[in-house]
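Undergrad: Numbering-wise (my numbering), the sequence shown opens with residue 682 and increments by one.
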Amino acid sequence: MATTMPTDGQTILLVDDEEHLRVTLRDFLAFSGYTVLLARSGEQALKVLETQTPDLIILDISMPGMGGMGFLQRVAHTEIKVPPILVLTARTNLQQFFDGLDVAGFISKPCKKDVLIAEVRRILHTSNPVEPKASKMTKVRVLLGEDDPEMSGVIERAFTRHGHSVTVADTGPAVLDSAPQEMPDVVVIKQYLTRLNGKAVATLLRAMPSTRSIPIVLYHMIGIGDPVSDIAVDTTHINDFIEAHDSTDILDAVERVMDVKA
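#1: Could you have a look at Glu863 and say whether DSSP puts it in helix, strand or coil?
#2: Hey, how far is the Cα of Lys871 from the Cα of Val729?
#3: So, for Ser846: in the same chain, excluding its five sequence neighbours on each side, which residues have a beta-carbon less than 6 Å away from its beta-carbon?
#4: May I have the straight-line CA-CA distance separating Thr692 from Leu753, to the nearest angstrom?
#5: Assuming Met902 is part of the beta strand (DSSP E), what are its boundary residues?
#6: Within a Cβ cutoff of 7 Å, which residues of the same chain sit near Leu932, ignoring the five residues on either side of it in sequence?
#7: If you follow the alpha helix (DSSP H) that Gly723 is in, where does it begin and where does it stop?
#8: Using 8 Å as the threshold, is the C-beta distance between Arg707 and Leu694 below it?
#9: Taking 7 Å as the limit between beta carbons, can you name the residues of its chain near Val849, skipping five residues before and five after?
#10: Using DSSP with H/G/I as helix, E/B as strand and the rest coil, what is Asp741?
#11: DSSP has Gly826 in a bridge; who is on the other side?
#12: Do the segment 916–924 and the segment 894–903 make contact, defined as three or more Cβ pairs closer than 8 Å?
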């Protein structure tokens with residue numbers, strides 16, 4: 682059965698001139714529980730902000746008329762209340778290109794839906810933080826095995842937001858090289874990792890004297906709304922296996938494992 686995460690009625694303004702992309706992302710975000718407003722240009726987005734107060738703006742940069750850069754420069758000098766802005770663009774070296782502008786995050790086009798929704802949730806959580814719960818957890822040092830740069834960045838931000846530190850290894854052999862050197866508190870591994878899959882990495886970590894006692898969480902990312910599969914996973918050499926819809930699921934699994942060890 683398809684599931685969605687609670688969104689507390691949050692509203693997103695999606696600004697993009699490509700009709701197919703607008704419709705696709707609108708349907709996806711609506712399915713994920715958000716109310717979605719649409720604009721085809723920077724000018725339309727400014728008109729929307731005169732009457733609506735969205736919680737987040739997803740902004741394309743390359744548009745006819747007032748593009749994304751013009752919109753960012755205009756709202757920087759306006760009295761209109763402007764929510765966090767997530768930039769959607771095909772440009773590379775994004776951080777340097779937007780230096781000095783108030784941007785909450787970047788997603789490169791074409792974007793993966795799981796990366797997009799994870800970044801949306803990160804930004805909304807940061808701009809509307811909830812009261813932290815009392816926790817037994819102290820800072821956890823995480824070694825993350827993830828070969829997708831965008832996804833590793835999303836996962837890393839989720840962990841660092843909760844006070845944990847993350848070292849990323851982008852292949853199975855890199856995890857095996859890093860673990861004895863870093864001696865992390867927990868190793869978090871993608872199930873289908875480049876050059877050596879996560880289960881094989883976990884088995885080898887358990888075989889090495891220096892790393893055999895380190896907790897291991899194995900994860901597999903599934904699409905938003907996709908049901909968790911009924912396929913059994915051998916957990917002989919791992920502490921937990923999670924089919925994750927987003928980075929929050931992985932964070933929760935790690936904190937559960939560390940609480941068990943506490």
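For each residue, glycine too, the CB sits at the ideal point set by N, CA and C. The model shown is predicted, which means the values in this text are computed figures rather than measured ones.
TA: Working from what's here:
#1: Position 182 of the sequence shown, counted from the first residue, corresponds to residue 863. Note: Glu863 maps to helix in three-state DSSP.
#2: Residue numbering aside, residue 871 sits at position 190 when the sequence shown is read from its first letter. Residue numbering aside, residue 729 sits at position 48 when the sequence shown is read from its first letter. Distance between the alpha carbons of Lys871 and Val729 is about 41 Å.
#3: Start at 1 with the first residue of the sequence shown, and residue 846 comes out as number 165. Around Ser846: Arg822.
#4: Locating residue 692 in the sequence shown gives position 11, counting from the first residue. Locating residue 753 in the sequence shown gives position 72, counting from the first residue. Their Cα atoms are separated by approximately 19 Å.
#5: Walking along the sequence shown from the start, residue 902 turns up at place 221. Looking at the DSSP string, the run of the beta strand (DSSP E) that includes Met902 is Ile897 to Met902.
#6: Position 251 of the sequence shown holds residue 932. Cβ neighbours of Leu932 beyond the five flanking positions: Ala839, Phe840 and His843.
#7: Locating residue 723 in the sequence shown gives position 42, counting from the first residue. Gly723 to Thr732 is the extent of the alpha helix (DSSP H) around Gly723.
#8: Position 26 of the sequence shown, counted from the start, is the residue given in the question as residue 707. Position 13 of the sequence shown, counted from the start, is the residue given in the question as residue 694. The answer is no: Cβ separation not under 8 Å.
#9: The residue given as residue 849 occupies position 168 in the sequence shown. Once the five neighbours on either side are set aside, the close Cβ partners of Val849 are Leu825, Glu827, Ser833 and Glu837.
#10: Indexing the sequence shown from 1 puts residue 741 at position 60. The three-state reading of DSSP puts Asp741 in strand, counting E and B together.
#11: Position 145 of the sequence shown, counted from the start, is the residue given in the question as residue 826. BP columns for Gly826 point to Ala850 and Ile870.
#12: yes
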